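Below is one structure, written out as structure tokens; comments come after it.
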Amino acid sequence: MHKGSKTIVNPATTVNSMATNIKRVYHNDKTSTYWLPKDDEEQMRLTGQHYAFKSLYGGNVLPSVIDALDFQKGINILDVGCGSGIWVMDMVQEYPNCAYHGCDIDDITYKKIRVNQFTFSKGNVIKGLPYEDNTFDFVHMRFFVAALREENEWPTALGEVIRVTKPGGMIQVSDFDLKVPKDTTSLLYKAVLGYHHICKSRGQNPNIGAELETMLSKHSNIKIVQSDYRTCDMSSGTSTAKMFIWDSLEGVKSAKDVLGPMLGVNTPEELEDFLIRYRHDLETKESPVSFNSVAVQKLPVV
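Using UniProt numbering, you'd call the opening residue of the sequence shown number 1 and step up by one each time.
Structure below.
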């Protein structure tokens, strides 16, 4: 193991439950519509979610990106909205010769990551990334569904990501497509409707993952090289499904301040009861969770 690295534990396979009566801590950027917490419990959830997503896709980077860039030799990489830094930490284990940069509206990452290859910068993608044009060989951006307004912020964010990518460099954008389940008796149906209401009330699109190609194709200086849409049925009993169930349960805890009233959940006791029933439904009824991951290449300047 190289200097500065450490073993990463996947909480989705080791933690059964966390307290339901914790007072959550949120970002204080008043211009952001992000509605999930920033506390240690949320960072643990995001770590578990990372491993679930990695398991679903069989890795951290799409094959077209691996083919286009020399990760083994070493490239310059940016993770936009790096959060807990789990993607970077995992990538460092696999590709230690690369230089990693992370940017987020909060400095959670800086306090968490201590590896030589990583540099953190505080910044907001819709206000402008703190990097020069054409800086990075690879830019990674994922899970902004609960952070960006569809009409103006998504186009701005994608424009910024493209701006800081080198000509010939690659960009990978991944996000949720929060489809409403067909089974209206499932508590997942109720939860997803709640998430839809929260997103739409903030100008966010809960199905933004399905719109990635459309949004990216509006930029003339890139070309889409790969789109990979995947769904996991959480009732399938696979290890991936079990990780997504864990993430779904922790997600309700993270969203309880805004989602709870829509679910009739207003006390820790009601939340605990809901989570027991929610887990049962996720395990026994068809419970899809869907994502889209898109790789694009920035075209060389002619």
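Cβ coordinates follow ideal geometry from the N, Cα and C atoms, glycine included. This structure is a prediction, so every number in the text was calculated from the model and none was measured.
* Asked: Could you give the distance in angstroms between the alpha-carbon of Pro206 and the alpha-carbon of Val294?
  -> Taking the sequence shown and counting its residues from 1, the one referred to as residue 206 is at position 206. Taking the sequence shown and counting its residues from 1, the one referred to as residue 294 is at position 294. Whole-angstrom Cα-Cα distance: 17 Å.
* Out of Arg230, Trp154 and Val139, point me to the one whose CA is closest to Ala146's CA. => Taking the sequence shown and counting its residues from 1, the one referred to as residue 146 is at position 146. The option with the nearest alpha carbon to Ala146 is Trp154.
* **Option nearest Gly264 by Cα separation, candidates Gly203, Ala191 and Asp247** => If you number the sequence shown from 1, residue 264 lands on position 264. Ranking Gly203, Ala191 and Asp247 by Cα distance to Gly264 puts Ala191 first.
* Asked: Which class does Tyr131 belong to by DSSP, given the choice of helix, strand or coil?
  -> Translated into positions along the sequence shown, residue 131 becomes position 131. Here Tyr131 sits in coil by DSSP.
* Who are Val289's beta bridge partners in DSSP? -> As a working mapping, residue 289 is identified with position 289 in the sequence shown. Beta-bridge pairing links Val289 to Cys232.
* Helix, strand or coil at His101 [DSSP, three-state] -> The residue given as residue 101 occupies position 101 in the sequence shown. Three-state DSSP puts His101 in a strand.
* Asked: Less than 9 Å separating the beta-carbons of Ser236 and Asn292?
  -> The sequence position of residue 236 within the sequence shown is 236, counting from 1. The sequence position of residue 292 within the sequence shown is 292, counting from 1. No, the pair does not count as a contact, with Cβ atoms beyond the cut-off.
* Asked: Can you find a heavy atom of the ligand MG that lies under 8 Å from the Cβ of Phe118?
  -> Of the ligands one can find in the structure shown there are none, so the ligand MG has no counterpart to examine.
* Asked: When DSSP labels each residue in this structure, what does Lys223 get in the three-state scheme?
  -> Taking the first residue of the sequence shown as 1, we reach residue 223 at position 223. In the structure shown, Lys223 sits in a strand (DSSP, three-state: E or B).
* Asked: What residues in its chain sit with their C-beta under 6 Å from that of Leu78, if we drop five residues either side in the sequence?
  -> If you number the sequence shown from 1, residue 78 lands on position 78. Excluding sequence neighbours, Leu78 sits near His101, Phe136 and Val139.
* Return the CA-CA distance between Cys232 and His219, expressed in angstroms with no decimal places. => Against the sequence shown, residue 232 aligns to sequence position 232. Against the sequence shown, residue 219 aligns to sequence position 219. Each residue's Cα considered, the two are about 30 Å apart.
* **Residue burial classification, Val301 (beta-carbon count within 10 angstroms, cutoff 16)** => The residue given as residue 301 occupies position 301 in the sequence shown. Label assigned to Val301: exposed.
* **Cut-off 7 Å between Cβ atoms - residues of its own chain near Gln204, not counting five sequence neighbours on either side** => Position 204 of the sequence shown holds residue 204. Around Gln204: Thr33, Val145, Ala146, Leu148, Arg149 and Glu150.
* **Reduced DSSP secondary structure (H/G/I, E/B, other) of Lys218** => Counted from its first residue, the sequence shown places residue 218 at position 218. If DSSP states are grouped into helix, strand and coil, Lys218 belongs with coil.
* Asked: Quick one: what's got a C-beta closer than 6 Å to Ala68's C-beta in the same chain, skipping five residues either side?
  -> Residue numbering aside, residue 68 sits at position 68 when the sequence shown is read from its first letter. Taken in chain order, the residues that qualify are Met170.
* In or out: Arg142 buried (at least 16 other Cβ within 10 Å) or exposed? -> Taking the first residue of the sequence shown as position 1, residue 142 is located at position 142. Arg142 comes out buried.
* Find out if the Cβ-Cβ distance for the pair Asp281, Gln49 is shorter than 9 Å. => Looking up residue 281 in the sequence shown gives position 281. Looking up residue 49 in the sequence shown gives position 49. Contact: no.
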